[in-house]
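Input: a single structure, listed below in structure tokens.
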Amino acid sequence: MTPPTSAETDHWALVTGASSGIGAEFARQLARRGMNVILVARRRERLEELAAALRQECSVRTLVLVQDLSAGGAAAEIWRQTREAGCDVHLLVNNAGLSHSSCVEETDLARIGQLIRVNIAVLTELSYRFLPAMLARKEGGIINVASTLAFQPAAYVGAYAASKAFVLHFSESLWEECRHLGVTVTALCPGTTETELFDAAGMDTWLQRRSSHSPEEVVIAALAGYDRGQAIVVPGVRNRLASQLYRLLPRRTLLAFTERLFRPEDGQQADLPS
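Numbering (this note's numbering), first residue to last: 362 to 635.
Below, the structure written as structure tokens:
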């Protein structure tokens, strides 16, 4: 961690899944706002590279925490290290997430276990660990990254969609509890977003067949909504309309649509981008 400069504040933002995509973009945009950033992910080289760029370009302090969030005790370890470093977290961005697509009989149960730990358990624990200090200060907040799939069940990605529904409902509940005390909890529900994870998931044609947003567009919308104290942010007019339409369609119609949309090709499994 670099020593502070006169241009810096004591406000820290903690971003999980910060090594690429939406997480890295959150770190960049928050650093441009003058916030010091704690970068959490598994890939040390990516984190160190991003941290160095933020220090040079934005004159902020950085803390790199290399952590596999699917490992036991991950949230407690992040909490311990931030406390030991003296970082007072004003904004928590729970961006890290795992996803998985497969037929029931071919589902990787270990992967589903990791998904539940990262998408639900770690996000929940980090929220409850960092919120009390924010409430005591009557300042700060949380942005939890959900998905447009949080508004609907979805065949072949049932655990993922259900985990994002948890994130949405959990965030809305915390928003109501905290908003009168100066703390905002926002659920970010992006649709298809242009990240490298599509190639890693073997879904290199997904972006070609669907409209999408860049990570920059998603984060701009997220921070604007958070600044306004919104409980839910859905970037893009089309995504906002779709999220409402999902609630109106008959459930059988909706599920039949997702069955066609997410059916794995040739019975293959795929780890979908979060």
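Note that the Cβ used here is the ideal one computed from N, Cα and C, for glycine as well.
Query: Length of the line joining the Cα atoms of Ala562 and Leu476; Result: For Ala562, the predicted model reports a pLDDT of 41, less than 50, meaning its position is unreliable and no value from the coordinates is stated.
Query: Within 7 Å, strictly: CB atoms of Ile481 and Ser524; Result: yes
Query: Ordered list of alpha helix (DSSP H) runs contained in the segment 585–614, each at least 4 residues; Result: 598–609
Query: Unbroken beta strand (DSSP E) run spanning His451, endpoints; Result: 450–455
Query: Straight-line Cα distance separating His451 from Asp371; Result: 9 Å
Query: Classification of Cys419 by the beta-carbon crowding that lies within 10 angstroms, buried from 16 upward; Result: buried
Query: Beta-carbon spacing of Thr547, Ile581 below 7 Å; Result: no
Query: Three-state secondary structure (DSSP) of Thr553; Result: coil
Query: Reduced DSSP category for Ala412 - H, G, I as helix; E, B as strand; rest coil; Result: helix
Query: Local conformation of Leu496 per DSSP, three classes; Result: helix
Query: Rounded separation between Met495 and Glu467 - CA only; Result: 43 Å
Query: Simplified DSSP assignment, three categories, for Val579; Result: helix
Query: Gly502 classed as buried or exposed, judged by whether at least 16 other C-beta atoms fall within 10 angstroms; Result: buried
Query: Cβ-Cβ distance between Ala385 and Ala379 below 7 Å; Result: yes
Query: Buried versus exposed, by CB contacts within 10 Å (16 or more), Ala497; Result: exposed
Query: Delimiting residues of the alpha helix (DSSP H) encompassing Val528; Result: 519–539
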